[in-house]
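Those protein sequences? They're chains A and B, same order as listed.
Under the working numbering, the first residue of the first sequence is numbered 360, with each subsequent residue one higher.
Under the working numbering, the first residue of the second sequence is numbered 360, with each subsequent residue one higher.
Here a beta-carbon is modelled for each residue, glycine too, at the ideal position from N, C-alpha and C.
Keep in mind it's a predicted model, so treat the numbers as computed, not measured.
Number of protein chains: 2
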Amino acid sequence: MPNKTPRIAVDAMGGDHGLTGIVSAAVSAAKKGTPITLVGDEYMIRSELEKLDTGSCTIDVVHASQVVTMEDKPADAMRKKKDSSIQVACRLVKDGLADGVVSAGNSGATVAAGMFIIGRINGVLRPGMAGILPTEKKPMVLIDVGANVDSKPEHLFQYGIMADVFARDVLGFKNPRIGILTIGEEEGKGNSLVKTTYNMLKSSSLNFVGNIEGRDIFTGDVDVAVCDGFVGNVALKLSEGLANSLGNLLKGELKRDIVSKIGAMLAMKAFKRFGRLVDKSEYGGAPLLGLKGIVLVCHGKADSLAIERAIEMAARFVKNDAVAHLKEGLAAHSEITESTL
Amino acid sequence: MPNKTPRIAVDAMGGDHGLTGIVSAAVSAAKKGTPITLVGDEYMIRSELEKLDTGSCTIDVVHASQVVTMEDKPADAMRKKKDSSIQVACRLVKDGLADGVVSAGNSGATVAAGMFIIGRINGVLRPGMAGILPTEKKPMVLIDVGANVDSKPEHLFQYGIMADVFARDVLGFKNPRIGILTIGEEEGKGNSLVKTTYNMLKSSSLNFVGNIEGRDIFTGDVDVAVCDGFVGNVALKLSEGLANSLGNLLKGELKRDIVSKIGAMLAMKAFKRFGRLVDKSEYGGAPLLGLKGIVLVCHGKADSLAIERAIEMAARFVKNDAVAHLKEGLAAHSEITESTL
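Put into structure tokens, the structure is as follows:
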């Protein structure tokens, strides 16, 4: 059922910043036309909503009596917090009352709730989490960024198929260039996981461009890079950390003499434009691909803009019928996937 | 035999920039007191030397009739190019005519020559390549950055022991903080490789600080991060690529309006200081640890300063008797290492 109006369930209780920013992001997205269901402590949510001009937007509230904290272990949270906002949100999708979930809460628990409540698309071996990174040109997709570790070639192969659909349906790429992240440019370079996956991708109908190295991620010359969740998560967090540290070092140097200080003030406009280019909020969340609905996992530190962007991404995913396209893509490649099982 | 004067064999034929920069780096290091043997095409090397003021420095030249190119496969290079500069340089160490090797040539071939000609220290399972990264504070060591992929816990454990010695003897750290690179802060997070290695490091006498994430690498709060060569190589190249891309994006924005342009010119001093802070040349090469001598693998793009710094590192390694300390460290931990074999 393509082009339906998607309803997104937003976990109001997740995130390091409390629910003020989340509720205001939800209102903002609702005003732009996406129906929202806010899930969490009803009293707290309604108090936040009262402060905002909600006008004629479609916002429902569904109460959830429990909250998963950042310290909870995913397995414990699954078992002991069945009425937590994230589980209630996922149940809305399962029951057809919402089409997607956005949460900035405990990512492990969010992944677990998505997998066990919403459930996997038939044939998906492991859902993969896609990170969307800014590059010198367009954004690119790194998958998996930590949903699974100790992956097998067939998992990586399916990540490629799923990220291809995501890049088309949500990022609007025509014919995404899919690469495999490894440690040498030539065919046959890498570890055993990469070598087998390489051959699977090569025999697929994807626009496979071969090996890419860490240094190629940010040039924007490839649209999707496939890797194991351990590697992807290290890469994602390292990028975040390096960008921060470089920023700190540069700021320190710009303050160290008065002429540089004045120069930096004059160049403020450029620094701001630069900041927007590399702003994580622009692609607010990491989609968990392979479920019967869409779950957007936001950073615990996500601000209101990031949450709003994540809601928009989830809505675009549903509008463009990406789940159906995921099914088609996976089915078309099932023979290659099964060849290694 | 501690505190001896080390002689370093420099591969004059490696690197993307030709031998001019390499020879001048060698002369510069020799002038500061490190005896050098330049290895490669004797005629070419002597022509370069003639252009420089070599004064009273100790520089020998040893002829090698072959050159390993960047395109050569390491195994082919080992077999077919026995008189290549890198093999001749390693043979000098094997024969006691030099104490260490510096090369900016084909890194795979350099690692292979080091392993098969100089040979491993008794008990070393896999030599590991250490990358030295600038951070917000002191530099830090990431090991392994690509000598091996598909590593086992005992390999990672030995990398930790060897990097500890390197950080003490060459970087001058008193009690290096050793962490394991993984994807969560708490004990028990990561893949199966990391979990086993964690326990080995925990039961060692190293100053083990536990799990560290990608984002912690550049803060400078840990001195050594241990990881598989696949992960380390991706991390190293990604850092390089991201720093470049951020630089390009910022430069682009600074040029986009005239006020920012003027501001950037005024702040030039700060940008230069910043550039020096993050300059790769500062720690010119990646040491291959675990051999009966030291091999410094430089980036193909290494400039003259980087090569000179690499020569200095190699010399410091020998002067401080690091091979003996590696042996001691490995022997002291052999029981833990063998527990998983």
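For proline 646(B), the enclosing beta strand (DSSP E) covers residues 644 to 648.
The segment 469 to 481 of chain A and the segment 447 to 455 of chain A touch, with no fewer than 3 CB-CB distances between them shorter than 8 Å. When Cβ-Cβ separations below 8 Å define contact, glutamate 599(A) makes contact with chain B.
When DSSP states are grouped into helix, strand and coil, cysteine 449(B) belongs to the helix group. Its chain contains Val461, Gly643, Gly644, Leu655 and Cys657 as the residues whose beta carbon lies nearer than 6 Å to that of alanine 669(A), once the 5 sequence neighbours on both sides are disregarded; these appear in chain order. Think of a sphere of 9 Å around the beta carbon of lysine 511(A): no beta carbon from chain B falls inside it, the nearest being about 12 Å out. For valine 590(B) against valine 590(A), the beta-carbon gap comes to about 6 Å, under 8 Å, which counts as contact. When the Cα atoms are used, serine 698(A) and leucine 484(A) turn out to be separated by approximately 14 Å. Annotation for glycine 464(B): Asp370, Met372, Gly373, Gly374, Val427 and Ile445 place their beta carbon closer than 7 Å to its own, counting only its chain and skipping 5 residues before and after. Under a 10 Å Cβ-count criterion, tyrosine 402(B) is classified as exposed, with fewer than 16 other Cβ atoms of the shown protein chains found around its own Cβ. Separation of glycine 455(A) and cysteine 586(A) (C-alpha to C-alpha, rounded to the nearest whole angstrom) is 32 Å. Between isoleucine 542(B) and lysine 548(B) the beta-carbon gap is near 6 Å, inside 8 Å, which marks them as a contact. In this structure, the CA atom of isoleucine 404(B) is about 43 Å from the CA atom of glycine 611(A). Nearest Cα to threonine 555(B) within the set Asn566(B), Gln517(B), Ala673(B) and Lys533(B): Gln517(B). Counting only unbroken stretches of 3 or more residues, the beta strand (DSSP E) elements lying wholly within the segment 527 to 597 of chain A are 537 to 540, 567 to 571 and 583 to 585, in sequence order. At a cut-off of 8 Å between beta carbons, threonine 494(A) contacts chain B.
Flagged as an interface residue toward chain B: methionine 624(A), by a C-beta distance shorter than 8 Å. As the crow flies, the alpha-carbon of proline 433(A) is around 6 Å from that of alanine 471(A). Alanine 691(A) sits away from glycine 482(A), with the two beta carbons spaced by 8 Å or more. Per DSSP, valine 504(B) lies in no beta strand (DSSP E) and is assigned neither H nor E.
At a C-beta separation below 7 Å, asparagine 607(A) has these neighbours in chain B: Glu495. With respect to the C-alpha of glycine 573(A), the residue from Ala602(B), Ser383(B), Val583(B) and Ser406(B) having the closest C-alpha is Ala602(B). In the structure shown, the three-state DSSP call for leucine 411(B) is coil.
Straight through space, the alpha carbons of valine 618(A) and alanine 385(B) are spaced by roughly 38 Å. Under the three-state reduction of DSSP, aspartate 419(B) is assigned to strand. With respect to chain B, the C-beta atom of lysine 660(A) has no partner C-beta closer than 8 Å. When secondary structure is reduced to three states using DSSP, arginine 479(A) falls in the strand class. In this structure, DSSP gives alanine 463(A) a state outside helix and strand, which the three-state scheme calls coil. For isoleucine 502(A), no CB of chain B lies under 8 Å from its own CB, so it is not counted at the interface with that chain. Here asparagine 550(A) is not near aspartate 503(B), since their CB atoms are 8 Å or more apart. In its own chain, leaving out the 5 sequence neighbours on each side, no residue places its CB closer than 7 Å to the CB of lysine 391(A). Under a criterion of Cβ atoms nearer than 7 Å, no residue of chain B is adjacent to threonine 555(A); the nearest Cβ is some 12 Å distant. Linking leucine 597(A) to glycine 519(B) through their CA atoms gives a straight-line distance of about 20 Å. For threonine 696(B), the enclosing alpha helix (DSSP H) has its first and last residue at 693 to 698. Valine 427(B) carries a coil assignment under DSSP once its states are collapsed to helix, strand and coil.
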